[in-house]
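Numbering (the working numbering), first residue to last: 1 to 262.
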Ligand code: NAD
Ligand code: ZN
């Protein structure tokens, strides 16, 4: 972290500015992406460790890949389920679950499929891209909780109807669940601050959220290790790890007595 005192763009100063924004409101929307789970040891898709057996996520997380080689795609998902089950939520997940008791109106929209927000205690969560521990039947659409056992067999998981099960996640090129998108936009339109954490801002339609917020006069805060397409447009862009910045933010907001406005 940059602790340069007197520099108005130091990480500490930016976190202070974000805390000031958050300290005066009672309605907050948060969008999270893979960066929030990075510190738990779950690779992001675009990070250095985003490859599996030399395949990129963009090659495997598609309906075409599943159609061509469901065994390979399920093998990848079983490997990811195993990795996620062995991992634990980090300080970013816990800080976001604390947000629920700080703000009267709160919604967390996550692109992550890893269930970590719920494991950290968050309840007001919408999963835009599904959940890796759920499967869906390709024939009858029935959903079931599903955790495979890594490397045990090449048998494909089947529904009670006999149809092939697929991971209940949104793959590249697929539509997101309309009701989740609509609920998110409804909440966003009435919120005071939107915070965008650990997302590259290139996966649509989630990437549209910051612009939609700005167009509606919602104040925006970004937390990301690297600059993204929205870094220059948001009100406060904090270049830091989410598991460092978010707990600091919680401490700063809860330390300062404020009179809240909606
Ligand atoms: P992404 O992989 O495209 O980008 C991750 C972003 O996080 C990058 O901008 C990176 O700079 C930032 N980042 C990395 N470490 C960080 C940290 N410690 N703190 C703050 N920021 C950090 O991820 P995305 O934007 O979420 O989109 C990719 C898609 O991949 C999504 O659809 C998501 O469903 C899926 N995905 C999910 C998981 C998961 O569930 N944990 C993991 C990988 C990918
Ligand atoms: Zn079925």
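Where is the CB? At the ideal position from N, CA and C, for every residue including glycine. These figures come from a predicted structure and were not determined experimentally.
Where the alpha helix (DSSP H) containing residue i begins and where it ends
i	result
residue 99	91 to 102
residue 13	11 to 23
residue 70	70 to 86
residue 139	No alpha helix (DSSP H) contains residue 139, which DSSP labels as neither H nor E.
residue 160	It is not in any alpha helix (DSSP H) - residue 160 carries neither H nor E in the DSSP assignment.
residue 37	35 to 38
residue 51	Segment: none, residue 51 is in no alpha helix (DSSP H) and carries neither H nor E.
residue 61	It is not in any alpha helix (DSSP H) - residue 61 carries neither H nor E in the DSSP assignment.
Check: residue i C-beta below 7 Å from any heavy atom of ligand 1
i	result
residue 108	no
residue 212	no
residue 221	no
residue 111	yes
residue 120	no
residue 225	yes
residue 174	no
residue 69	no
residue 93	no
residue 202	yes
residue 231	no
residue 46	yes
residue 198	yes
residue 241	yes
residue 184	no
residue 37	yes
residue 114	yes
residue 78	no
residue 34	yes
residue 209	no
residue 292	Because the chain in this structure spans residues 1 to 262, residue 292 falls outside the shown range and cannot be described.
Cβ-heavy atom distance, residue i to ligand 2, below 7 Å
i	result
residue 145	no
residue 75	no
Contacts around residue i, its chain only, beta-carbon distance under 7 Å, and the 5 residues preceding and following it disregarded
i	result
residue 45	34 and 57
residue 133	81, 115, 145, 146 and 147
residue 214	220 and 233
residue 163	137, 138, 139 and 140
residue 3	Note on residue 3: pLDDT 42, under 50, position unreliable in the model; the coordinate value appears next. Hits under 7 Å: 10 and 12.
residue 247	91 and 95
is_contact[residue i, chain D] using C-beta, thresh 8 Å
i	result
residue 204	The structure shown contains no chain D; it holds only a single protein chain.
Other residues of its chain near residue i: CB distance less than 8 Å, five sequence neighbours each side excluded
i	result
residue 6	Low confidence applies here, because residue 6 scores a pLDDT of 49, under 50, leaving its location unreliable and the question unanswered by this model.
residue 59	65
residue 193	21, 22, 25, 27, 28, 29, 218, 219, 220 and 221
residue 165	135, 136, 137, 138, 144, 146, 156, 157, 158 and 159
residue 229	201, 202 and 207
Run of the beta strand (DSSP E) containing residue i, from where it starts to where it stops
i	result
residue 27	27 to 32
Residues near residue i by beta carbon distance below 6 Å, same chain, minus five either side
i	result
residue 121	97
residue 76	52 and 60
residue 259	The predicted position of residue 259 is uncertain, since its pLDDT is 48 and thus under 50; a value taken from the coordinates is nonetheless stated next. So no residue of the chain qualifies.
residue 168	130, 134, 135, 136 and 143
> What are the complete alpha helix (DSSP H) segments, minimum 4 residues, inside the stretch 102 to 130?
Replying inline: 116 to 119
> What are the uninterrupted segments assigned as beta strand (DSSP E) that are 3 or more residues long and contained completely in the stretch 174 to 259, given in chain order?
Replying inline: 193 to 197, 219 to 224 and 236 to 239
> Can you list, in chain order, every residue whose CB sits closer than 5 Å to a heavy atom of ligand 2?
Replying inline: 137, 139, 140, 142, 159, 161 and 163
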